[in-house]
Structures are given as structure tokens and as C-alpha cells.
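A.B. asks: Quick note on numbering that gives the first Met the number 0: the sequence shown kicks off at 0 and runs consecutively.
This is the structure, below, for whatever I ask next.
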Amino acid sequence: MAESDASASKYVTLASCDGFEFVVLREAVLVSSAIKGMLDPKSQFTEARTGRCYFEEINGIVLEKIVEYCQYWYKYKESVNVPDMDVPVELCLELLQAADFLGLDRKASPSTQTHHYYLFSKTPEEGFIALTYNDVGPT
């Protein structure tokens with residue numbers, strides 16, 4: 000794809016440190032403030048010209064879940080009754096780190112308008128880990 004076409008494309012490519020690549024709807028990944036900044040045509044970043052974001056510290060398994068979350072957010076951004084997203088417990092710590100890096104941690108939940116890491120289920124009773132964020136850190 001020509002560099003001038005990359006910023007006009009509907010899709011972007013997210014690449015992990017271990018070689019996995021995900022082609023995702025541009026509008027869906029803009030939930031991430033970091034990715035939004037990388038893809039901003041005014042930024043003059045390589046990512047904005049090529050439409051490809053490489054994450055040297057995020058592996059394919061975690062990036063796949065981030066992509067799933069971006070698509071989940073995009074699908075339910077206007078919804079009131081949002082179903083929980085299934086997140087394996089063993090990925091929670093890595094996902095929290097990636098969410099913090101990508102700026103996914105300061106977004107308001109589409110259904111409740113509360114601030115938390117909403118990559119995870121809302122209550123521990125639902126069988127998943129719920130992690131909330133405040134000024135002290137994850138609780």
C-alpha cells in the first residue's frame with residue numbers, strides 16, 4: 000500500500016513482537032489514545048504514513064485480546080446492556096500492562112460511564128477477575 004493511501008485506509012495493521020499481525024478497522028482501534036496518536040496524520044509518525052503499528056513489547060496472544068477488545072468496544076460503544084468480555088485469568092496482568100501502555104485504562108465504560116479497566120468483568124462473582132483503577136493503582 001502506498002504511504003499516501005495508508006492514512007485514508009479503513010484498516011490498520013497491528014503487529015506483535017513475535018510476528019503476529021492483525022488487520023483491524025481503523026475506527027475500532029482509535030479507542031486507544033496511544034494508537035490514535037500514532038495514526039494521526041499530523042503526527043508525522045511512520046505508523047501514520049504506513050498504517051502499521053508495531054508493538055515490540057506486546058506478544059501475539061495479548062495483542063489478539065487487545066484487538067478483540069477494540070472490536071468489542073466498537074461494536075458496543077452505543078449500547079446500554081453490554082455483555083462481559085471473556086478474559087482468561089492467566090492474561091490479566093499482561094493485559095493490564097498493555098491497557099496502561101495503550102491508554103485503554105482511562106476510558107469510561109460505554110454502559111456505566113465509570114472509569115475502570117473494562118477489559119475485565121465487572122464483578123468477581125461472575126467468575127473472572129475484576130480490576131479497577133484509582134490513583135493508588137489496581138485494586
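Note that CB positions come from ideal geometry on N, CA and C, so glycine has one too.
As the structure is a prediction and not an experimental result, all values here were calculated from the model.
#1: Report buried or exposed for residue 15, applying the criterion of at least 16 other Cβ atoms within 10 angstroms of its Cβ.
#2: Where does the unbroken alpha helix (DSSP H) through residue 94 begin, and where does it stop?
#3: Pair every Cβ in the stretch 67 to 77 with every Cβ in the stretch 43 to 57, then say whether three or more of these pairs are closer than 8 angstroms.
#4: Apart from the five residues on each side of it in sequence, which residues of its chain come closer than 6 angstroms, Cβ to Cβ, to residue 19?
#5: With DSSP collapsed to three states, give me the class of residue 170.
#6: What does DSSP give as the partner residues of residue 20 in its beta bridges?
#7: If you drop the 5 nearest sequence neighbours on each side, which residues of the same chain put their C-beta closer than 6 angstroms to that of residue 51?
C.D. replies: In brief:
#1: By the neighbour-count rule (16 or more Cβ atoms within 10 Å), residue 15 is buried.
#2: For residue 94, the enclosing alpha helix (DSSP H) starts and ends at 91 to 101.
#3: Under the three-pair Cβ rule at 8 angstroms, the stretch 67 to 77 does not count as touching the stretch 43 to 57.
#4: For residue 19, where only same-chain residues beyond five positions count, the Cβ hits under 6 angstroms are 59.
#5: Absent from the structure is residue 170, since the part of the chain shown begins at 0 and ends at 138.
#6: Residue 20 has 14 as its beta-bridge partners, per DSSP.
#7: So the list reads 12, once near-sequence residues are dropped.
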